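So in my numbering the end of the sequence shown lands on 592, straight run, no missing numbers.
Input: a single structure, listed below in structure tokens.
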Amino acid sequence: MIQVLHISAECYPAAKTGGLGDVVGSLPKYQCAAGILSAAIIPKYSLKWINNQNWITVFQGEVWVNWSRRRFSVQQQANNTLGYPLFVVDIPGLFDRPGIYNEPDGRPYGDEVERYITFQQCVLEWLMSFPWHDRPRILHCHDHHSGLIPWMLKYCPQYQQLAPIPTVFTIHNGQYQGAFSWRSGDLLPPYEASARGLVDWNGTINPMASAVRCAWAVTTVSESYLYELHQSSMGLESLFHQEWRKQYGIINGIDAQVWDPATDSAIQHRLEGGDITQFKARNKKALCEWFNLPTDLPVISFIGRMVGEKGSDLLPDAFRNYLNAGGKASFLVLGTGEAWTQNQFRRLAWEYPNRVAAVIDYNEALAHQIYAGSDFLIMPSRVEPCGLNQMYSMRYGTIPIVRSVGGLKDTVPDIASPDGSGRGVRFDHFSLDDIGYAIHRAASMWHNDPQTLRWLRERVMAIDFSWEGVVERYFNVYRRCGAHIAAAAPQTVAEVVPELRVESPAALPEPEAKPIKPAAKAGRKKSPEAASPEAPAPEKVQRKTKKTTKS
Ligand code: GLC
Numbered sequence: 042m043i044q045v046l047h048i049s050a051e052c053y054p055a056a057k058t059g060g061l062g063d064v065v066g067s068l069p070k071y072q073c074a075a076g077i078l079s080a081a082i083i084p085k086y087s088l089k090w091i092n093n094q095n096w097i098t099v100f101q102g103e104v105w106v107n108w109s110r111r112r113f114s115v116q117q118q119a120n121n122t123l124g125y126p127l128f129v130v131d132i133p134g135l136f137d138r139p140g141i142y143n144e145p146d147g148r149p150y151g152d153e154v155e156r157y158i159t160f161q162q163c164v165l166e167w168l169m170s171f172p173w174h175d176r177p178r179i180l181h182c183h184d185h186h187s188g189l190i191p192w193m194l195k196y197c198p199q200y201q202q203l204a205p206i207p208t209v210f211t212i213h214n215g216q217y218q219g220a221f222s223w224r225s226g227d228l229l230p231p232y233e234a235s236a237r238g239l240v241d242w243n244g245t246i247n248p249m250a251s252a253v254r255c256a257w258a259v260t261t262v263s264e265s266y267l268y269e270l271h272q273s274s275m276g277l278e279s280l281f282h283q284e285w286r287k288q289y290g291i292i293n294g295i296d297a298q299v300w301d302p303a304t305d306s307a308i309q310h311r312l313e314g315g316d317i318t319q320f321k322a323r324n325k326k327a328l329c330e331w332f333n334l335p336t337d338l339p340v341i342s343f344i345g346r347m348v349g350e351k352g353s354d355l356l357p358d359a360f361r362n363y364l365n366a367g368g369k370a371s372f373l374v375l376g377t378g379e380a381w382t383q384n385q386f387r388r389l390a391w392e393y394p395n396r397v398a399a400v401i402d403y404n405e406a407l408a409h410q411i412y413a414g415s416d417f418l419i420m421p422s423r424v425e426p427c428g429l430n431q432m433y434s435m436r437y438g439t440i441p442i443v444r445s446v447g448g449l450k451d452t453v454p455d456i457a458s459p460d461g462s463g464r465g466v467r468f469d470h471f472s473l474d475d476i477g478y479a480i481h482r483a484a485s486m487w488h489n490d491p492q493t494l495r496w497l498r499e500r501v502m503a504i505d506f507s508w509e510g511v512v513e514r515y516f517n518v519y520r521r522c523g524a525h526i527a528a529a530a531p532q533t534v535a536e537v538v539p540e541l542r543v544e545s546p547a548a549l550p551e552p553e554a555k556p557i558k559p560a561a562k563a564g565r566k567k568s569p570e571a572a573s574p575e576a577p578a579p580e581k582v583q584r585k586t587k588k589t590t591k592s
């Protein structure tokens with residue numbers, strides 16, 4: 042019997058745009074390993090991984106949304122190769138599209154509200170078909186896409202039978218609340234008139250607000266982020282204050298099997314015999330040769346979506362200032378996002394061909410190599426509910442440089458912290474001065490204090506960021522909601538499944554990564570192509586690459 046059902050819009054490797062996918066793709070696996078059968082359910086998008094699987098139809102039904110009938114089916118991944126059962130809801134016409142939230146060219150699908158309301162209703166219809174003793178003991182909803190479920194269970198008569206099942210709502214990103222106008226109110230299933238106020242926030246329907254009110258427990262992905270939501274959460278602050286008793290901050294884990302420097306098949310040189318110095322030196326050499334960067338300078342990298350939350354718009358100027366002042370470091374960025382930031386990075390790479398490389402792409406395999414080969418990873422986030430990249434980087438001996446916010450604050454104490462718990466370099470203000478000083482501190486350590494750096498690498502690589510310790514905290518939350526979850530004999534986590542293995546070293550940047558030639562400087566410097574290494578990769582590097590969904 043499924044004890045915990047995770048309901049989400051993303052689940053790696055089926056569908057991922059960011060950390061939500063990583064978390065929903067690994068938490069159930071480790072819950073299963075702890076003896077609690079947990080499953081995940083997401084919409085059936087027309088994405089590569091999903092299309093390549095065999096699916097077994099386990100339920101067929103229909104829902105009515107805004108007076109029109111939608112047929113759907115729930116399908117289970119055959120063979121359970123992920124270490125937990127994965128279900129998808131096939132809703133023809135709504136999700137059989139090549140993107141998750143947007144067209145591949147970036148245009149958002151205009152019917153997000155209808156899509157996710159329908160998805161949530163389909164999940165509930167399916168659950169209604171279970172014999173009562175076989176129903177999940179907990180429905181664990183993630184982010185606003187499944188945020189109406191706690192309300193629907195309590196206040197929509199058609200789902201009343203499910204109302205005794207406790208719901209837990211996890212906020213991965215409070216910036217996106219899924220709010221929409223009451224003009225689309227007809228999309229909601231019929232509800233008790235008195236429950237209208239429970240989905241409303243400031244005159245709009247707000248799924249996140251309704252979940253904070255109606256879920257039995259609310260968790261966020263770090264303690265600091267929970268605190269920050271009380272200070273600033275796009276208008277929901279008073280609601281968070283009001284509902285504080287049922288809120289918990291639980292830091293995410295990482296899938297330590299996928300992120301294992303000793304076995305990772307996406308990196309050039311794996312960790313052998315615990316020789317960290319050699320592991321870092323070899324991977325750095327591979328990375329630097331590839332991107333034409335010097336090995337005798339620290340490599341500071343950024344990996345991630347180039348959006349406001351991640352603060353990447355501060356980096357081009359920060360890097361430029363540092364280089365113009367004669368700073369001795371080189372920079373590497375990988376990611377896609379806002380056009381302005383992308384172009385700034387391209388331009389910088391063109392201006393400093395041997396010191397800056399920019400790959401405007403999403404490339405899971407290349408990310409692994411960058412974690413393994415860089416000296417530092419920089420994360421200047423404006424908002425960071427948890428952040429996984431700093432944990433990935435530490436696991437690969439790359440020291441994080443982070444802004445003191447959310448989960449970054451909780452996972453990266455500064456190297457100067459008086460209690461000696463330091464793991465990286467931290468800065469407080471989102472400003473060029475603060476970030477510049479942080480880069481300076483990191484680079485100085487690299488140049489002047491290799492002993493400390495070596496010791497720090499050993500320390501961060503030994504930290505246990507795995508889910509094993511975290512799942513128990515979720516079980517405690519479930520139990521506090523009164524859920525009778527009971528562990529069967531603990532199982533060992535199955536071998537990394539082929540689906541999760543990121544095969545082969547990274548690919549060379551795609552042609553679109555070529556920098557735009559800045560008009561004013563045309564002719565002054567050598568070809569802009571230099572910024573985006575065109576040269577064939579070294580023999581060993583040039584193997585086939587598996588490109589996954591965007592970051
Ligand atoms: C979101 C947050 C990120 C967090 C992830 C997983 O992507 O922005 O900080 O790590 O969700 O919870």
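Virtual Cβ for every residue (Gly too), placed ideally from N, Cα, C.
Only a predicted model underlies this, so the values are computations on that prediction, with no experimental measurement involved.
Between the ligand GLC and the CB of GLU269, the shortest heavy atom gap is not smaller than 7 Å. CA-CA distance, ASP358 to THR382, rounds to 10 Å. Looking at the DSSP output, CYS522 shares a beta bridge with no other residue. 8 Å or more divides the Cβ of PHE281 from the Cβ of PRO302. Leaving aside the five residues that flank ASN143 on each side, the residues in its chain whose CB is nearer than 6 Å to its CB run, in chain order, PRO149. Of the heavy atoms belonging to the ligand GLC, at least one sits nearer than 7 Å to the Cβ of VAL64. In terms of Cβ geometry, GLN116 and ILE97 form a close pair [threshold 8 Å]. Relative to the ligand GLC, the beta carbon of ASN143 is positioned no closer than 7 Å to any heavy atom.
Annotation: GLY461 to CYS329 spans about 32 Å, alpha carbon to alpha carbon. Here the distance from the Cβ of GLU509 to the nearest heavy atom of the ligand GLC is not below 7 Å. Under the DSSP definition of a beta bridge, LEU375 partners with ILE344 and VAL400. In this model, LYS326 and ASP316 are separated by some 16 Å (Cα to Cα). Taking one beta carbon from each stretch, the segment 382-397 and the segment 439-448 have fewer than 3 pairs nearer than 8 Å; the two do not touch. The beta-carbon distance between ALA370 and ALA484, rounded to whole angstroms, is 4 Å. This is short enough to meet the 8 Å contact definition. For GLY60, no beta strand (DSSP E) segment is defined; the enclosing uninterrupted segment is the alpha helix (DSSP H) at 60-74. In this chain, GLY290 is not harboured by any alpha helix (DSSP H); it is covered by the beta strand (DSSP E) spanning 288-290. CYS255 carries a helical assignment under DSSP once its states are collapsed to helix, strand and coil. For GLU103, the enclosing beta strand (DSSP E) has its first and last residue at 96-106. Along the length of the segment 430-482, whole beta strand (DSSP E) runs at least 3 residues long occupy 440-444 and 466-468, reported in chain order. The residue among TYR53, TRP108, VAL64 and TYR125 with its C-alpha nearest the C-alpha of GLY76 is TYR125. Contact check for PHE100 against SER170 passes: the beta carbons are separated by less than 8 Å. In the three-state reduction of the DSSP assignment, ASP184 falls in the coil class. DSSP, reduced to helix, strand and coil, places VAL262 outside both helices and strands of the structure shown, so it counts as coil.
Within the model, the alpha-carbon separation for ALA56 versus ALA457 is close to 40 Å. Residue range 45-48 is occupied by the beta strand (DSSP E) that includes HIS47. Only residues of its own chain outside the window of five on either side were considered, and among them HIS185, GLY188, LEU189 and GLY219 have a CB closer than 6 Å to the CB of PRO248, listed in chain order. Bridge pairing for SER109: VAL106 [DSSP].
Within the same chain, and ignoring the five residues on either side of LEU418 in sequence, the residues whose Cβ sits closer than 6 Å to its Cβ are SER342, SER434, THR439 and PRO441. Nearest neighbour of VAL154 by Cα position, chosen from SER273, LYS351, LEU135 and LEU68, turns out to be LEU135. Assigned with DSSP and collapsed to three states, VAL240 falls in helix. Rounded to whole angstroms, the separation of the alpha carbons of TYR217 and ALA250 is 11 Å. The criterion of a C-beta distance shorter than 8 Å is satisfied by GLY349 and ARG423. Of the residues assessed, ALA527 falls on the exposed side of the cut-off, its CB having fewer than 16 other CB atoms within 10 angstroms.
Under the three-state reduction of DSSP output, SER273 falls in the coil class, being neither helix nor strand. Straight through space, the alpha carbons of TRP242 and SER279 are spaced by roughly 11 Å. A direct Cα-to-Cα measurement between ARG156 and PHE516 gives close to 30 Å.
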